[in-house]
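Undergrad: Once you've had a glance at the structure underneath, I'll fire off some questions.
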Amino acid sequence: MQFYCANLNCLFNIVHSAGSSPPEDPIKCSSSNGNTNCTITNSIGTFPDRTTCRAAKAIFPRSEAELVSAVANATIERRKIKVTTRYSHSIPKLVCPDGEDGILISTKYLNRILEVDVPGLSMTVESGMTLRQVTEEAAMRGMALPYSPYWWGLTVGGMMATGAHGSSLWGAGSQLHDYVTHLRIVTPAEPSEGFAKVRTLENGDTEMDAVKVSLGVLGVISQVSLKLQPQFKRSVTFVTKSDWDLGDEAVRFGRQHEFGDLIWYPSQNKVVYRVDDRLSSNVSSAKGLNDFQGFRSTTSLLAAAIRYSEETQEFLGDVQGKCLNGILTTSTLKTFAYGYTNNGILFTGYPIIGDQNRIQASGSCLDSFEDARITICPWDHRVKGLFYHQTTFTVALSRVKDFIEDVQKIVALEPKSLCGLDLYNGILMRYVTYSSAYLGKQEDGLDFDITYYRSKDPLTPRLYGNILEEIEQMALFKYNALPHWGKNRNVAFRGVIGKYDKASEFLKVKQLYDPLGLFSSEWTDQILGLKDGLSIFKEGCALEGLCICSQDIHCSPGKRYFCRPGKYYQDARVCALQPNKLASKLE
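Position 124 of the sequence shown, counting from 1, maps to 138 under my numbering, and the rest follow consecutively.
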């Protein structure tokens, strides 16, 4: 995940002590028994189409046996089933069952270690175990999960369902599912099998490559065995350079540094290279810690003030204000090493050296007791704070240079157009490798993670929203980029299933495991190409990424935003601000 860190927020987090109200459970049930008449949301509290997802019942199994029973009962009743995790960080509607009669199965309490094999460097865990739990438990036994996403709050099952990843082109790459050696998944079954069955898979089984990245439509993963490595340390140094040669450097850099990634600030013509390499575990004086500011707690009052500031800039069209704030934000982050410290408290200089489990991910806002939301994780939707879109896609490494240079040409036409991204810490660029998973990466690539302002009013345009829409469409359609399954707006999933060579093999396993489609929904059928309706055409739909505009009404003509071709990528159709007649004459 890539999150916002506005200037005051960064400064505050540097000195703020630990604490905050932890995120609430994404499932809310209104009945007296607490598990019926429920709603489900994601971590930011809003799905791309802003609908409310409902379910008749929520179940919180505490063992595989209880999980089997839940699936069996739902199968008998022909109820739709959706699996949800502790913090529900997927932005699309993967957790929404159809209608209001469905059942939610939460893996919140399926969070135990089941087996540890230190000589064999493996650990078997339940699927609801969080990334933080996995990395810390492995470290206590002298082992390490070699690659992972950057946010502690993801679960093993959630990471697998969406293909979540960190950054690396080394070894088997940065995607957690490619380090799974064995798993158990509960699926519907025939009456003669008790209406539910546990399927056991291991590497080499043809169905394993379907289950590794499943979107949650094959069943409920109950147990996972992970291939680990001996504990090691990492050395991290951040280096800021001009982006003039980024096209070439981005291709080379990932081969040179095992854990390297990049943060790009296009409107500043700067890029930050994270020089991040493995060291031996016996390096002394190595207490480095990753405590990224965007994942620390902040006060709800400060979060509201920052949001109000950006809303005001958007309302006034204050592009220069955004650019100035962006420069201050990125400078502050640089000064304080993006939240990394040498000793767990202070940053004293590069390199920062620490154990793998202390460097690979962070999320200290989860280390908290309830304080009545005086302090919160910055994106907590219960207070007025962050509200954003995320556009995240992977461009094949063979085409990365051309894509970056095309983006630079767009920025050259509108130099201030991407200043707003600097308030959200720029464009995070992470390396990923080819995966045998049917819905995994099709070749080595570079993932571009773009987080940006979203209005509370779906009919309100964003400053330079047309530039972001043009980049989004150019990546997806000119460069055939693959969208991240757990992020993105509807537009990113148009025709996506046609980009996967073995999509038909995945659909065969889907039919085998769940012939009744109980784990499927209208949304998942749409992104898998089984049903139409992914694009939602209505007033303002292009502003929210629910459609690509073909008529002015899909934008906001009343506010002078009309459907127009892209400035550079002419095949794009974007919502662009047009000057009024008087302004045109004055110009």
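Glycine included, each C-beta is placed from N, C-alpha and C at the ideal position.
Taking 8 Å as the cut-off, does the segment 482-490 touch the segment 390-399 (at least 3 CB pairs, one atom from each stretch)?
TA: The segment 390-399 vs the segment 482-490: no contact.
Undergrad: From what residue to what residue does the beta strand (DSSP E) around Y287 run?
TA: The residue given as residue 287 occupies position 273 in the sequence shown. Here the beta strand (DSSP E) through Y287 covers K284 to L293.
Undergrad: Locate the alpha helix (DSSP H) running through R266, then write down its first and last residues.
TA: On the sequence shown, position 252 is the one that residue 266 refers to. Here the alpha helix (DSSP H) through R266 covers L260 to Q270.
Undergrad: By how many angstroms is the C-alpha of L276 removed from the C-alpha of Q525?
TA: Counted from its first residue, the sequence shown places residue 525 at position 511. Counted from its first residue, the sequence shown places residue 276 at position 262. Roughly 40 Å between the two C-alpha positions.
Undergrad: Taking the alpha-carbon of E553 as reference, which of Y575, L532, T538 and K545 has the nearest alpha-carbon?
TA: Here residue 553 refers to the residue found at position 539 when the sequence shown is read from its first residue. Closest option to E553, Cα to Cα, is Y575.
Undergrad: What are the start and end residues of the alpha helix (DSSP H) that includes A224?
TA: If you number the sequence shown from 1, residue 224 lands on position 210. Unbroken alpha helix (DSSP H) run through A224: M222 to V225.
Undergrad: Thinking C-beta only, is A375 closer than 7 Å to L145?
TA: Translated into positions along the sequence shown, residue 145 becomes position 131. Translated into positions along the sequence shown, residue 375 becomes position 361. Cβ distance < 7 Å, so L145 and A375 count as in contact.
Undergrad: Below 8 Å on the Cβ atoms is my contact criterion, and I expect I105 with P62 to pass it. Report the Cβ-Cβ distance as a whole number of Å.
TA: Numbered from its first residue, the sequence shown carries residue 105 at position 91. Numbered from its first residue, the sequence shown carries residue 62 at position 48. With a Cβ gap of about 7 Å, I105 and P62 count as contacting.
Undergrad: Applying the criterion that 16 or more other CB atoms from any shown protein chain within 10 Å of the CB defines a buried residue, is D436 buried or exposed?
TA: As a position in the sequence shown, residue 436 is number 422, starting the count at 1. Answer is buried; the Cβ neighbour count reaches 16.
Undergrad: If I follow the unbroken alpha helix (DSSP H) through G340, where does it start and stop?
TA: Position 326 of the sequence shown, counted from the start, is the residue given in the question as residue 340. First-last of the alpha helix (DSSP H) with G340: V333 to T349.
Undergrad: Candidates Q422, G167 and M137: which alpha carbon is nearest P160's?
TA: Residue 160 sits at position 146 when you count from the first residue of the sequence shown. The residue with the shortest Cα to Cα distance from P160 is M137.
Undergrad: Quick one: grab the DSSP three-state call for A86.
TA: Here residue 86 corresponds to residue number 72 of the sequence shown, with the count starting at 1. Helix, per DSSP.
Undergrad: Round the Cβ separation of G261 and E419 to the nearest angstrom and send it over; I've been treating them as touching at under 8 Å.
TA: Translated into positions along the sequence shown, residue 261 becomes position 247. Translated into positions along the sequence shown, residue 419 becomes position 405. Indeed, because the Cβ distance is near 5 Å, the residues count as touching under 8 Å.
Undergrad: Do E221 and L215 count as a contact pair if the criterion is CB distance below 7 Å?
TA: Working through the sequence shown from its first residue, we reach residue 215 at position 201. Working through the sequence shown from its first residue, we reach residue 221 at position 207. Closer than 7 Å, so yes.
Undergrad: Between which residues of its own chain and P593 is the CB-CB distance below 6 Å, once the five residues before and five after are set aside?
TA: For the purposes of this step, residue 593 is taken as residue 579 along the sequence shown, with counting starting at 1. Cβ neighbours of P593 beyond the five flanking positions: none.
Undergrad: Within its chain, find whatever has a CB closer than 8 Å to the CB of S598; leave out the 5 residues flanking it on each side and keep chain order.
TA: Residue numbering aside, residue 598 sits at position 584 when the sequence shown is read from its first letter. Bear in mind that a pLDDT of 37 at S598, under 50, signals an unreliable position, so the number given afterwards is only what the model happens to contain. There are no such residues.
Undergrad: For R213, write down the residues that DSSP places opposite it in a beta bridge.
TA: If you number the sequence shown from 1, residue 213 lands on position 199. Looking at the DSSP assignment, R213 forms a beta bridge with I199.
Undergrad: DSSP beta-bridge partners for K71?
TA: Position 57 of the sequence shown, counting from 1, holds the residue named residue 71. Answer is T50 and I117.
Undergrad: What residue range does the beta strand (DSSP E) around G459 cover?
TA: Working through the sequence shown from its first residue, we reach residue 459 at position 445. G459 to Y467 is the extent of the beta strand (DSSP E) around G459.
Undergrad: What does the alpha-carbon distance come out to for the pair K423 and K522?
TA: The residue given as residue 423 occupies position 409 in the sequence shown. The residue given as residue 522 occupies position 508 in the sequence shown. K423 and K522: Cα-Cα distance of roughly 43 Å.
Undergrad: To which residues of the same chain is G603 closer than 6 Å at the C-beta, ignoring the five residues directly before and after it?
TA: Because the chain is modelled from 15 through 601, residue 603 falls outside the range shown and cannot be assessed.
Undergrad: Would you check if the segment 65-81 and the segment 402-411 touch, i.e. whether three or more CB-CB distances between them fall below 8 Å?
TA: Contact between the segment 402-411 and the segment 65-81 is absent, because fewer than three Cβ pairs lie under 8 Å.
Undergrad: Using 10 angstroms around the beta-carbon of T349, count the other beta-carbons present and answer buried if the total reaches 16, otherwise exposed.
TA: For the purposes of this step, residue 349 is taken as residue 335 along the sequence shown, with counting starting at 1. By the neighbour-count rule (16 or more Cβ atoms within 10 Å), T349 is not buried but exposed.
Undergrad: What is the rounded straight-line gap between the Cα of F103 and the Cα of K255?
TA: The residue labelled residue 103 in the question sits at position 89 within the sequence shown. The residue labelled residue 255 in the question sits at position 241 within the sequence shown. Here residue 103 is His; the residue named in the question, Phe, does not match the sequence. One C-alpha to the other measures close to 32 Å.
Undergrad: Which word fits S57, buried or exposed, when buried means at least 16 other C-beta atoms lie within 10 angstroms of its C-beta?
TA: Within the sequence shown, numbered from 1, the residue matching residue 57 stands at position 43. Its Cβ being crowded by 16 or more others within 10 Å, S57 is buried.
Undergrad: Out of D585, E536 and L530, point me to the one whose CA is closest to E204's CA.
TA: As a position in the sequence shown, residue 204 is number 190, starting the count at 1. Ranking the options by Cα distance to E204, first place goes to L530.
Undergrad: Taking the continuous alpha helix (DSSP H) assigned at L316, which residues delimit it?
TA: Mapped onto the sequence shown, residue 316 falls at position 302. Segment S314 to L330, the alpha helix (DSSP H) holding L316.
Undergrad: Leaving out the 5 sequence neighbours to the left and right, which residues in its chain are closer than 6 Å to V82 when beta-carbon positions are compared?
TA: The count along the sequence shown starts at 1 and reaches residue 82 at position 68. Closer than 6 Å at Cβ, skipping near neighbours: V200 and A210.
Undergrad: Less than 8 Å between the CB atoms is what I'm expecting for L135 and K241, so what's the real figure, rounded?
TA: On the sequence shown, position 121 is the one that residue 135 refers to. On the sequence shown, position 227 is the one that residue 241 refers to. About 7 Å; that satisfies the 8 Å criterion.
Undergrad: Just verifying my parser: in three-state terms, what is the DSSP assignment at N27?
TA: Residue 27 sits at position 13 when you count from the first residue of the sequence shown. Confidence at N27 is low in this model, with a pLDDT of 45, below 50, so its placement is unreliable and the value that follows should be read with caution. Three-state result, N27: helix.
Undergrad: Applying the 10 Å Cβ sphere with the 16-neighbour rule, what's the burial state of I95?
TA: Walking along the sequence shown from the start, residue 95 turns up at place 81. Label assigned to I95: buried.
Undergrad: Count Cβ pairs between the segment 303-310 and the segment 351-358 that sit closer than 8 Å; are there 3 or more?
TA: In short, these stretches touch, since the Cβ pair count reaches three.
Undergrad: To which residues of the same chain is C433 closer than 6 Å at the C-beta, ignoring the five residues directly before and after it?
TA: Within the sequence shown, residue 433 is the residue found at index 419, counting from 1. Within the same chain, C433 has close Cβ partners S281, K336, C337 and G340.
Undergrad: Consult DSSP for Q237 and reduce its assignment to one of helix, strand or coil.
TA: Residue 237 sits at position 223 when you count from the first residue of the sequence shown. DSSP places Q237 in strand when its eight states are reduced to three.
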